[in-house]
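Numbering (full-length UniProt numbering), first residue to last: 1 to 537.
Note that CB positions come from ideal geometry on N, CA and C, so glycine has one too.
See structure below.
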């Protein structure tokens with residue numbers, strides 16, 4: 001027989017369960033971080049954009065007014081934005097979702113044809129653009145049978161906000177569409193990668209935690225906000241109630257000025273951006289705490305990591321793709337590595353690392369889908385899974401299924417997994433050079449070349465060869481005022497790697513790059529293989 005006390009306890013549990021059932025849980029959305037920042041830090045400066053300064057209270061009001069202006073124009077269809085790193089694009093990361101629309105942030109280096117394709121494919125109802133793109137937008141809209149409503153930032157944009165009623169919509173489903181990010185389209189048409197609110201909310205948490213953002217932080221926008229929604233840092237910086245410092249263009253002199261005058265504590269960028277900063281004319285060691293830098297897009301060379309450390313920057317290597325909301329892995333630094341020498345530390349930092357706090361443990365898999373041994377030698381394809389994997393490709397279910405046939409997203413990158421669980425990239429699968437039956441990792445050769453004191457940047461690709469099928473060729477940019485010969489570079493590599501890995505040719509000059517600073521190897525490859533059929537012996 002149950003006691004009176006037991007009955008009362010059971011009743012209490014039942015009442016509590018009933019109460020919990022009646023509670024309304026808010027769906028996860030990264031736009032909620034602005035609500036929190038305005039409530040907790042409303043009077044503090046949230047945005048610096050040239051002469052402009054907005055507090056978090058002002059930023060939230062502007063974003064709600066943007067939502068109010070966009071809602072009747074878009075009718076919940078996507079809203080595209082073509083703008084550099086200004087307050088306009090930052091505001092769109094909050095205002096567009098609050099209008100009930102998906103944000104399409106467009107790469108600012110695309111051609112008119114590419115922009116037109118994205119607007120048509122995404123079915124964007126509105127295009128907000130910076131005046132610097134007036135001519136491009138004229139051309140784009142003339143090509144479209146049903147062009148979107150055009151809003152020009154500046155006076156027109158400000159008048160629109162001033163006249164609008166504030167609006168603040170939240171999603172009923174946290175896995176509903178938040179934004180569409182288009183891949184670079186190195187082959188064929190770019191794909192529209194769909195992000196959901198939950199993924200961006202959690203990715204922002206991960207970026208805040210891993211980079212140590214706090215209300216005291218000052219984040220300089222050296223990474224394009226259009227790239228994977230700025231790796232979710234528009235929301236991450238806001239979640240920390242840190243200060244956004246907008247930078248429309250990466251000008252090394254301006255970067256150094258802002259670091260010193262605005263007290264910058266954090267910035268992100270590709271290794272090429274780091275090189276621009278590290279070897280700028282005004283570069284000199286910083287005083288005070290180190291500036292925390294997150295880098296990704298390509299493996300940073302040990303040489304650039306050493307140089308950044310000398311200048312007072314603490315660099316963390318991140319790895320990810322558009323399909324993973326930006327960084328899915330990071331080279332999480334271990335305290336026991338502090339005692340290693342500088343060379344060993346630089347090489348450890350160049351690894352891609354382990355999954356971030358919202359990702360599953362990354363895998364390196366063989367062709368049959370099984371895990372390769374964690375020996376640091378056996379290569380396989382890097383596969384990822386977790387809360388920061390895309391919803392899929394817009395209107396392309398076949399490509400979505402091919403990308404994740406068993407629920408694990410196939411990155412197309414070749415790597416190894418070390419005994420300590422850290423993943424290290426060896427190559428893009430299409431960039432593996434197979435010469436005379438021997439596999440050569442272009443990344444390995446690039447990093448050997450980058451260790452030469454005269455070298456600023458390097459890219460290595462396979463080029464056709466009558467005897468070996470293909471051989472490595474290097475394309476090198478030298479430091480300003482430095483000199484080196486083709487033979488010097490080859491001998492430098494031979495002193496570090498097997499002789500067959502040394503580039504057969506070395507071409508000096510500027511390298512083609514994307515707007516995010518990533519070297520466009522496909523441009524070099526297409527030129528080298530024009531008129532040749534690739535054959536591997």
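Going by C-alpha to C-alpha distance, which of the options sits closest to residue i?
i: residue 342; options: 218, 305 and 516; result: 305
i: residue 424; options: 352, 470 and 230; result: 352
i: residue 124; options: 134, 130, 101 and 368; result: 101
i: residue 272; options: 222, 160 and 190; result: 222
i: residue 453; options: 441, 440 and 479; result: 479
i: residue 149; options: 75, 429 and 26; result: 75
i: residue 96; options: 110, 138 and 177; result: 177
i: residue 508; options: 476, 243, 98 and 247; result: 476
i: residue 318; options: 231, 501 and 69; result: 231
i: residue 31; options: 292, 196, 79 and 147; result: 196
i: residue 492; options: 246, 467 and 446; result: 446
i: residue 207; options: 267, 345, 98 and 253; result: 267
i: residue 405; options: 421, 422, 383 and 426; result: 383
i: residue 157; options: 242, 175 and 128; result: 128
i: residue 71; options: 108, 83, 99 and 80; result: 99
i: residue 295; options: 79, 279 and 517; result: 517
i: residue 489; options: 474, 498 and 401; result: 474
i: residue 282; options: 407, 252, 420 and 409; result: 252
i: residue 455; options: 302, 51 and 501; result: 302
i: residue 286; options: 307, 450, 300 and 270; result: 307
i: residue 69; options: 50, 119 and 162; result: 162
i: residue 174; options: 321, 29, 421 and 403; result: 29
i: residue 78; options: 56, 103 and 94; result: 103
i: residue 410; options: 504, 35, 279 and 381; result: 381
What residues in its chain sit with their C-beta under 8 Å from that of residue i, if we drop five residues either side in the sequence?
i: residue 529; result: 463 and 464
i: residue 53; result: 45 and 47
i: residue 519; result: 272, 298, 457, 459, 511, 512 and 513
i: residue 134; result: 152
i: residue 220; result: 245, 247, 255, 258, 259, 262, 264, 266 and 267
i: residue 112; result: 136, 139, 140 and 143
i: residue 172; result: 27
i: residue 496; result: 448 and 451
Only counting the same chain, and skipping five residues up and downstream in sequence, which positions put a Cβ closer than 7 Å to that of residue i?
i: residue 192; result: 121, 122, 180, 182, 393 and 394
i: residue 388; result: 199, 202, 203, 324, 325, 328, 358 and 359
i: residue 225; result: 85, 89, 90, 105 and 234
i: residue 433; result: 440, 442, 462, 470 and 472
i: residue 378; result: 372 and 416
i: residue 521; result: 431, 459 and 461
From the DSSP output, which residues share a beta bridge with residue i?
i: residue 435; result: 438
i: residue 196; result: 177
i: residue 49; result: 52
i: residue 459; result: 475
i: residue 470; result: 464
i: residue 294; result: 268 and 316
i: residue 327; result: 320
i: residue 449; result: Partner(s): none; residue 449 has no beta bridge.
i: residue 413; result: 428
i: residue 423; result: 353 and 417
i: residue 33; result: None, per the DSSP bridge assignment.
Given the structure, does residue i come close to the ligand GDP, in the sense that its CB is under 7 Å from one of the ligand's heavy atoms?
i: residue 266; result: No copy of the ligand GDP appears in this structure; indeed no ligand is present at all.
Got a sec? Which residues, its chain only, sit under 6 Å from residue i by beta carbon, not counting five neighbours each side?
i: residue 59; result: 46 and 47
i: residue 600; result: This structure cannot speak to residue 600, because the chain is shown only from 1 to 537.
i: residue 241; result: 37, 41 and 215
i: residue 435; result: 468, 470 and 471
i: residue 376; result: 416 and 418
i: residue 429; result: 412 and 414
i: residue 346; result: 302, 305 and 306
i: residue 276; result: 252
message: Please give the ranges of any beta strand (DSSP E) in the segment 80-134, keeping only runs that are unbroken, at least 3 residues long and fully inside the region.
response: 103-105 and 126-129
- request: Count the C-beta pairs between the segment 60-72 and the segment 157-177 that are closer than 8 Å, then say yes if the count reaches three, no if not.
  value: yes
Inside the segment 217-292 only - alpha helix (DSSP H) runs reaching at least 4 residues: 228-231, 233-239, 252-261 and 271-278
field: alpha helix (DSSP H) runs contained entirely in the segment 296-325, provided each spans 4 or more residues
entry: 302-311
query: Are at least three pairs of beta-carbons, each pair with one atom in the segment 328-346 and one in the segment 366-376, less than 8 Å apart?
result: no
message: Does the contact criterion of 3 or more C-beta pairs under 8 Å hold for the segment 70-90 versus the segment 29-45?
response: no
message: Pairs of beta-carbons, one from the segment 484-500 and one from the segment 516-526, closer than 8 Å: are there three or more?
response: no
query: Should the segment 411-424 be called in touch with the segment 212-230, which here means at least 3 C-beta pairs below 8 Å?
result: no
- request: Output the residue ranges of the alpha helix (DSSP H) runs that lie fully inside the segment 485-524 and measure 4 residues or longer, sorted by chain position.
  value: 486-494
- request: Just list the alpha helix (DSSP H) runs in the segment 348-409, keeping only unbroken ones of 4 residues or longer that don't cross its boundaries, in chain order.
  value: 397-403
task: Please list the segments of the beta strand (DSSP E) lying wholly inside the segment 143-169, counting only runs of 3 or more residues, in order along the chain.
output: 149-152
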